[in-house]
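Here is the structure we will look at, set down as structure tokens.
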Amino acid sequence: MSVDVKREIEQANGEFLRRVTSGNPVLVDVAPAGEVYADFPERTILHSGPPVVWRFMSGAQRGACIGAALFEGWAADPGEAVRLLQDGQIALAPNHPHSFVGPMAGTITPSMWVWVVENETFRNRACCRQVESRQQFGEYSEEALAGLEKWRDVWAPALQRAVRKMGGLPLKPIITKALQMGDELHNRPIAASSLFANAMSVPLLRCGLPEDQIAATMGLLAGHELLFLGLSMAAGKSIADAARDIPFCTGVTAMARNGSEFGIQVSGLEGEWFTAPAPEVTGLYLPGYKRGDEGRDIGDSAITETVGWGGFVLGGATGILNFVGGTPEEAFAYSRQMRQITIGQSPDYLIPPLGFEGTAVGIDIRKVVQSGTLPIIDTAMAHKEPGHPIVGAGLVRPPMECFKQALKRFAEKYTVNAATDSKRP
Amino acid sequence: MSKSRQTAIRVNRYFDSVFLMAVARRLSEQPGVSAAVAVMGTPANKRTLAEMGFSERELARASSSDLIVALDGDEEAVRALLESLESWLVRPKMNLSGGTAISVDDALSRQPESNLAVVSVPGEYAAAETSHALDRGLSVFLFSDHVSIDDEIALKEKARSAGLIVMGPDCGTALIAGIGVGFANVVRRGPIGVVASSGTGLQEFACLVDRLGSGVSHGLGTGSRDLSDEVGGIATLTAIDALEADPGTEAIVVISKPPGAATLKRVAKRLQTCSKPAAACFLGLKPQSPSQDWRFKVCASLDDLALAALSLVGVGPAIDPAGLTVVDLVGDEVRRMAATQRYLRGLFAGGTFCYQSQQIFKNAGVVVGSNAPLAGMQRIVDVRKSTGHSLIDMGADEFTVGTPHPMIDATQRVRRIEAEAQDPTVAVLLLDVILGYNASSDPAGDLAEAISTAKGNALKSGRYLAVVASICGTAGDPQDLEAQERILRDVGVAVFPSNVQATRLALDLVLRRQEEGR
Amino acid sequence: MKMDLLSDLLEKGPIAVNLGLPEFARSLQGQGRDVIHVDWAPRPVLEAELREILEQLL
């Protein structure tokens, strides 16, 4: 009897939807990456996007790698860092296969502290590094590195104490509320950041650290509008990882960019990357920067869209309408459009202006190719050259080529199986 | 300044044809532009552009889901416009209370009580969208044409077995519970149910019924090919079933061009067994064709059908159907004509009017040429140039590829009026003016200036050009029927409430000129 | 013959979903009817290989 591929896919995608919508992310720790991940490879920088070698690395990611090498003390100056990276004495590997994600260049090294989020439903963990506006964009000046050091020495240890003391912080309630407060959890996580600051305030005060350190940490939480992006990314990653490796599933488990290439991963094609040149971002520029300064699309933050937030919930994020043309209708249209290419809708994460409809969840590579509609991704822009902070923010869509490649590979993998099965007696 | 022909292609950007024609028109009005085309990259459109002299190599890059904008004109102007192309492609906001959706399923999730899909997408996509709408339990008003006959049959059978109807393809008009769909007039509701394979036929009949003081329960379109023997009248039979079951319908009329022989029998048999009284008008059917034992009345014209329908529901006409005394007008008009003036030129927006007018001339033994000839009439070789008596359907494909239908945009008809008026052999222009939803907002005004100029030029050359027009419309139409009549009368047009009456005057004028010529 | 759906259309009048020319939606709304316009676009033209794959998988 032949395998009914379509039916197998429907079942597999149903399972994908069940796993994604039942994900329950809880912040369980803040700790150095090298401690959380005991097998962190030696003298390696984990980075955003699909695998890439130094020679083809984008300007922003090179700059961030230089910064990471200096931060770890592997190099004494930028010149030495470049030589070590060039010679392969500092290795490079993508975040995603190690259950890490990082914003923009996304560099993570062992002594960099990360948010640790556990998906309590499936008991898997995922980590995201700190979100800031300099080193992750490719700047490696002393000031840029000072931000990383402060996170390592002051803020993150305080957050660790508080989180551990409170026994973990469920993120789903914060995310649910934030979506109803105009966040899309990617370019605009401001409500979630505030809710998080509220939730952390008492545990921080009671964690027993010196008042100066507590005040500094609470200052960070009070003033950092994008702080929660690190948490929504870790939460998204913990949700998406639970839906990996479902045979016959056409759902996307990762969309990630390294500034040179855009890559996607698909549940039924576990371990494989489907890549194409990273697209250009259409966006708005910060003072001092202009069109043409920006590098191509970069960062693991599209994990938020992968689980149905970010660009997928623009219809609810009226605060950032200027990215999408200015009218609510245009923002609604994006959110509705995403339902064309997804497996289902979330019962929990809702968009109030769209009649509290559930967010579109589970990008289906078949529907993307058939409809010609690509996922919409909110993103920031980094400079095309190393050494700069954030340049601007905007919108981007992945290259269709990634989805076409994945679909061809999927057909090769699963329809060959079907043919073999049919020959059985 | 050097001339240049350039094209711009926008991959996977779809715009509907009405919008693109408006874009092309606005672009063509820019200084330095001699021609502008904005079309989707279908093979037919690419051929047209190649014939206009645009680079085939360039055009080859575009597929049918890509937008092509082609400009001919001064190099600088063309380049500047193509650079700022995006600003020309901004669509007007929909401003619909229901809003816009991204798919039928999306629309249904927000409006689950939907019962009708109105489909006017390009023909090659129309069958799939119609089929999908039927799957979702929607009847379909299918305006698109160029749907294959096999698809039409499959869709109509699928609809019929699901208790739905596909009105179309190539269906322009429906009146459902008093609501006009597509090109439709504001018609009083009443006891008469209509099944029509011709959109303008349905419009004219409904307007006449309204003017005569009765009204229409529902007017269901079926598409121009429904009564061919290939399709076999599937939608017509479905519509008759529905109207027979409808409590608001007391009598049923069927309007069409001549049906296929087998289908005519089938429909006749159905009307015979119908529990409600019926009448039909099969335009162009030989008068002797109706079988003697048919119990329903068969009428030769839409006007006769309107009167017959009124008598079926027991209503006397509210006005004298004879209308104006045609004879008085004939003398006035003919007196001032020059010896060279002999011929009639009919320029129609409604295909059915072109057809019905031919029938009237045919019955009177006058042979006319047409681009859509009735059996026994001559086919015109060059549709752009009239000779002798000609009745031209300006809504036919040869006039409407890439340009708007004359019911929406009078540009082509205005040019043709100007051309005909210069011909010293022309005695009479016969026109139709169609009001209602989706037609031009001022169809009489669109033609008035050209008519006035044509008449003035004729006078200067020692001739008199008679212009006769019918207005298909009701007092409730958005264009204001009385004002439209006045606009035409003010430029010297003899205005009639039906195509039959206008044609009769035109015929009388032609016959009088023939007599005088002897 | 079943005709519930068609009877419903005649009884209630059109409650429409419009695909294609937006003018048709506007005129229905102008008559006080509920109508949702679908922002329709044709499916992209795909290479034969992908068309066949989609046929098999979707």
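Taken in sequence, the protein lines are chains B, Z and L. Counting from 8, one number per residue, gives the positions in the first sequence under the numbering used here. Counting from 578, one number per residue, gives the positions in the second sequence under the numbering used here. Counting from 4, one number per residue, gives the positions in the third sequence under the numbering used here. Every residue, glycine too, gets a C-beta built ideally from N, C-alpha and C. Since we're looking at a predicted model, the values are computed, not measured.
- In the structure shown, tryptophan 665 (chain Z) adopts helical secondary structure according to DSSP, grouped into three states.
- One thing to note: glycine 700 (chain Z) has its Cβ no nearer than 8 Å to the Cβ of phenylalanine 720 (chain Z).
- As computed with DSSP, threonine 51 (chain B) is found in a beta bridge with B:Ala98.
- The beta carbon of alanine 1031 (chain Z) sits no closer than 8 Å to any beta carbon of chain B.
- Comparing alpha carbon positions, the residue from B:Gln347, B:Phe339, B:Val314 and B:Tyr292 closest to isoleucine 358 (chain B) is B:Phe339.
- Assignment of valine 681 (chain Z) by DSSP, reduced to helix, strand and coil, places it in the helix class.
- When CB distances to chain B are screened at a threshold of 7 Å, not a single residue of the segment 620-654 of chain Z falls below it.
- For alanine 247 (chain B), the closest C-alpha among the options B:Leu228, B:Arg136, B:Gln272 and B:Ala223 is that of B:Gln272.
- For glycine 174 (chain B), not one C-beta of chain Z is nearer than 8 Å to its own C-beta.
- Sixteen is the threshold: when 16 or more other Cβ atoms of the shown chains lie within 10 Å of the Cβ of proline 405 (chain B), as they do, the residue is buried.
- When DSSP states are grouped into helix, strand and coil, histidine 193 (chain B) belongs to the coil group.
- Of the candidates Z:Arg1090, Z:Ala845, Z:Met954 and Z:Pro894, the residue whose Cα lies closest to the Cα of valine 875 (chain Z) is Z:Ala845.
- If only complete runs of 3 or more residues are kept, the segment 987-1061 of chain Z shows the beta strand (DSSP E) at 1003-1011 and 1043-1049, in order along the chain.
- Isoleucine 16 (chain B) has a beta carbon lying within less than 8 Å of a beta carbon in chain L.
- The continuous beta strand (DSSP E) containing proline 284 (chain B) extends over residues 281-284.
- One finds Arg343 in chain B with Cβ atoms closer than 8 Å to the Cβ of alanine 678 (chain Z), taken in chain order.
- Taking a beta-carbon distance threshold of 8 Å, arginine 132 (chain B) does not count as an interface residue toward chain Z.
- The DSSP-derived three-state label of phenylalanine 255 (chain B) is coil.
- Taking C-beta atoms as the reference points, glycine 189 (chain B) and glycine 323 (chain B) count as a pair closer than 8 Å.
- For arginine 346 (chain B), the uninterrupted alpha helix (DSSP H) segment begins and ends at 335-346.
- Cysteine 72 (chain B): member of the alpha helix (DSSP H) spanning 66-79, first to last residue.
- Think of a sphere of 8 Å around the beta carbon of aspartate 712 (chain Z): no beta carbon from chain B falls inside it, the nearest being about 17 Å out.
- Within the same chain, Cβ atoms closer than 7 Å to the Cβ of glycine 401 (chain B) are found at Val288, Thr289, Gly290, Leu291, Phe330, Thr386 and Met388, the five residues on either side in sequence being excluded.
- For glutamate 52 (chain L), the chain B residues whose Cβ falls inside 8 Å of its Cβ are Lys415, in order along the chain.
- Annotation for asparagine 131 (chain B): Ser106, Glu125, Ser245, Asp248 and Ala249 place their beta carbon closer than 8 Å to its own, counting only its chain and skipping 5 residues before and after.
- Leucine 186 (chain B) places its beta carbon less than 8 Å from that of tyrosine 356 (chain B).
- Among the bridge pairs identified by DSSP, glycine 351 (chain B) is matched with B:Val368.
- Taking C-beta atoms as the reference points, valine 1045 (chain Z) and valine 1005 (chain Z) count as a pair closer than 8 Å.
- Residues are counted here when their Cβ sits less than 8 Å from a Cβ of chain B; for the segment 12-42 of chain L these are Asp42, given in chain order.
- For the pair of segments examined, the segment 945-954 of chain Z was found not to touch the segment 1065-1078 of chain Z: the number of CB pairs separated by less than 8 Å stays below three.
- DSSP, read as helix, strand or coil, puts methionine 119 (chain B) in coil.
- Minimum Cα-Cα distance from serine 308 (chain B) among the listed residues B:His395, B:Asp46 and B:His54 corresponds to B:His54.
- Note on geometry: alpha-carbon atoms of alanine 710 (chain Z) and glycine 740 (chain Z) lie some 13 Å from one another.
- Here phenylalanine 363 (chain B) is exposed, its C-beta having fewer than 16 other C-beta atoms within 10 Å.
- Between the segment 167-176 of chain B and the segment 200-216 of chain B there are three or more inter-stretch CB-CB distances shorter than 8 Å, so the stretches are counted as touching.
- Between threonine 1051 (chain Z) and asparagine 589 (chain Z), the CB-CB gap reaches or exceeds 8 Å.
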